[in-house]
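K.L.:
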Amino acid sequence: MKGVNCIEPVIQHSWDLNESQAIVLQKELALKVIKEDQLKQVNYIAGVDVAYSKNSDRLVAAVVILDATTQKLIESNVVEDISNFPYIPGLFSFRELPPVIKAFSKISITPDLIVCDGQGVAHPRRFGLASHLGVLFNTPTIGCGKTKLLGDYEDPGIKRGDYSTLLDSNDEIGIVLRTQNNVKPIYVSIGHRISLPTACKWVLQLAPRFRLPETTRQADQLVKKSLTLLEKIKKDNKR
DNA sequence: GCGACAG
DNA sequence: ATCTTGTCGC
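Numbers 85 to 323, taken from the numbering used here, label the letters of the first sequence in order.
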């Protein structure tokens with residue numbers, strides 16, 4: 085869908101790939117990742133989430149746009165789709181990004197920052213979902229994982245704001261960040277066009293009361309609601 | 001060979 | 001991710 089302010093990929097590539105082709109593409113696109121701050125003034129922040137139907141291969145993707153200051157929901161879009169790629173650790177973006185890009189196509193506000201549910205450069209080829217989305221949209225992104233994919237770390241302190249570094253051999257690939265006192269930390273990494281300290285600053289700011297940033301929380305609520313509705317409609321159609 | 005493995 | 005079971009808190 086073409087619109088005045090639609091956010092659309094600046095890079096196009098096929099999604100109909102096998103496992104080894106996808107890995108080749110990741111290595112190629114990983115060269116484009118920028119690990120420095122290139123943010124304009126951050127007025128709008130996007131959050132993204134995907135949920136799956138239990139039986140079939142159906143999925144629902146949601147994009148939310150929050151006001152960066154008030155953290156209130158400004159705009160959202162939900163799309164239903166079919167998953168064409170299996171879940172393979174390290175190739176997560178090939179499963180989830182096609183519906184996410186579809187969901188973005190009907191969003192009128194161009195976000196200044198996107199917070200992703202998944203890793204950025206904390207990835208075997210330094211190209212997790214957040215980096216992939218960032219490079220395709222040429223937009224600053226933050227990778228925000230609930231569990232780690234790769235790396236070693238010491239447990240951070242138990243207070244909100246405590247952190248430790250996530251290391252892959254000698255590479256600092258991310259930060260293990262405690263967003264709430266005594267709550268399991270989250271794994272923050274550079275997606276694209278942002279530095280690690282700035283990424284952490286935003287994640288902490290976006291998670292004032294909960295473990296995860298407001299962006300992911302709100303997107304999560306939306307997809308679950310839509311999925312429930314979808315299953316109900318499917319059930320009603322059977323009668 | 002064995003364990004680890006974003007969602 | 002989703003499912004399942006149990007527990008706590010509003």
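Heads up, the beta-carbon is just placed ideally off N, CA and C, and yes, glycines get one too.
Measure the C-alpha to C-alpha separation of F221 and I270 and round it to an integer number of angstroms.
P.N.:
Working through the first sequence from its first residue, we reach residue 221 at position 137. Working through the first sequence from its first residue, we reach residue 270 at position 186. Cα to Cα, F221 sits roughly 25 Å from I270.
K.L.:
Looking at the unbroken beta strand (DSSP E) that takes in E164, where does it start and where does it end?
P.N.:
The residue labelled residue 164 in the question sits at position 80 within the first sequence. E164 -> beta strand (DSSP E) spans L157 to I166.
K.L.:
Taking buried to mean at least 16 other C-beta atoms within 10 Å of its own C-beta, is G229 buried or exposed?
P.N.:
Residue 229 sits at position 145 when you count from the first residue of the first sequence. Buried, because 16 or more other Cβ atoms sit within 10 Å of the Cβ of G229.
K.L.:
Would you mind stating whether V108 and A303 have Cβ atoms separated by less than 8 Å?
P.N.:
Position 24 of the first sequence holds residue 108. Position 219 of the first sequence holds residue 303. Their beta carbons are not under 8 Å apart, which means V108 does not touch A303 by this criterion.
K.L.:
Rounded to whole angstroms, how far is the Cβ of P195 from the Cβ of A130, which I believe are closer than 8 Å?
P.N.:
Translated into positions along the first sequence, residue 195 becomes position 111. Translated into positions along the first sequence, residue 130 becomes position 46. Confirmed, Cβ separation roughly 4 Å.
K.L.:
Measuring only the C-alpha atoms, how far is P208 from Q289?
P.N.:
The sequence position of residue 208 within the first sequence is 124, counting from 1. The sequence position of residue 289 within the first sequence is 205, counting from 1. Straight-line Cα distance between these residues: approximately 28 Å.
K.L.:
Residues bridged to T299 by DSSP?
P.N.:
For this step, residue 299 is matched to residue 215 along the first sequence. Answer is none; T299 lacks a bridge partner.
K.L.:
Here's a check: name, in chain order, each residue in its chain whose Cβ is nearer than 6 Å to the Cβ of Q155, leaving out the five neighbours to either side.
P.N.:
Mapped onto the first sequence, residue 155 falls at position 71. The residues are E298.
K.L.:
Within a Cβ cutoff of 7 Å, which residues of the same chain sit near I172, ignoring the five residues on either side of it in sequence?
P.N.:
Position 88 of the first sequence, counting from 1, holds the residue named residue 172. Correct list, in chain order: E103.
K.L.:
Select from K111, D141 and T153 the residue whose C-alpha is nearest the C-alpha of E164.
P.N.:
Within the first sequence, residue 164 is the residue found at index 80, counting from 1. E164 has its Cα closest to that of D141, out of K111, D141 and T153.
K.L.:
By the three-class DSSP mapping on this structure, what secondary structure does V307 have?
P.N.:
On the first sequence, residue 307 is found 223 positions in, with the first residue counted as 1. V307 falls in the helix class under three-state DSSP.
K.L.:
In this structure, does DSSP put G174 in helix, strand or coil?
P.N.:
Numbered from 1 along the first sequence, position 90 holds the residue referred to as residue 174. In the structure shown, G174 sits in coil (DSSP, three-state: anything other than H, G, I, E or B).
K.L.:
Count the other C-beta atoms from every protein chain shown that fall within 10 angstroms of the C-beta of G218, then say buried if there are 16 or more, exposed otherwise.
P.N.:
Residue numbering aside, residue 218 sits at position 134 when the first sequence is read from its first letter. G218 is buried by the Cβ-count criterion.
K.L.:
Taking the alpha helix (DSSP H) that T282 belongs to, which residues open and close that run?
P.N.:
Here residue 282 corresponds to residue number 198 of the first sequence, with the count starting at 1. Per DSSP, T282 belongs to the alpha helix (DSSP H) from L280 to L290.
K.L.:
Roughly how many angstroms separate the alpha carbons of E236 and I185, rounded to a whole number?
P.N.:
Locating residue 236 in the first sequence gives position 152, counting from the first residue. Locating residue 185 in the first sequence gives position 101, counting from the first residue. Sequence inspection shows Asp at residue 236; the Glu mentioned does not correspond to that position. Their Cα atoms are separated by approximately 32 Å.
K.L.:
What does the alpha-carbon distance come out to for the pair K124 and L313?
P.N.:
Position 40 of the first sequence, counted from the first residue, corresponds to residue 124. Position 229 of the first sequence, counted from the first residue, corresponds to residue 313. Answer to the nearest angstrom: the Cα atoms are 38 Å apart.
K.L.:
Using DSSP's beta-bridge definition, name the partner residues of T225.
P.N.:
Working through the first sequence from its first residue, we reach residue 225 at position 141. Per DSSP, I198 and H276.
K.L.:
So, under 8 Å CB-CB, G275 and G174 are touching, yes? Tell me the CB distance rounded to an integer number of Å.
P.N.:
Looking up residue 275 in the first sequence gives position 191. Looking up residue 174 in the first sequence gives position 90. Rounded, the Cβ-Cβ distance is 16 Å, inconsistent with contact.
K.L.:
What is the DSSP secondary structure of R179, reduced to helix, strand or coil?
P.N.:
Numbered from its first residue, the first sequence carries residue 179 at position 95. R179: helix per DSSP, three-state reduction.
K.L.:
If you draw a straight line from the C-alpha of A206 to the C-alpha of V144, how long is it?
P.N.:
Position 122 of the first sequence, counted from the first residue, corresponds to residue 206. Position 60 of the first sequence, counted from the first residue, corresponds to residue 144. Rounded to the nearest angstrom, the two C-alpha atoms are 25 Å apart.
K.L.:
Helix, strand or coil, according to DSSP, for T153 in the structure here?
P.N.:
By 1-based counting over the first sequence, the position of residue 153 is 69. It is coil, neither helix nor strand.
K.L.:
From the DSSP output, which residues share a beta bridge with A130?
P.N.:
By one-based count along the first sequence, residue 130 stands at place 46. Partner(s): I149 and I198.
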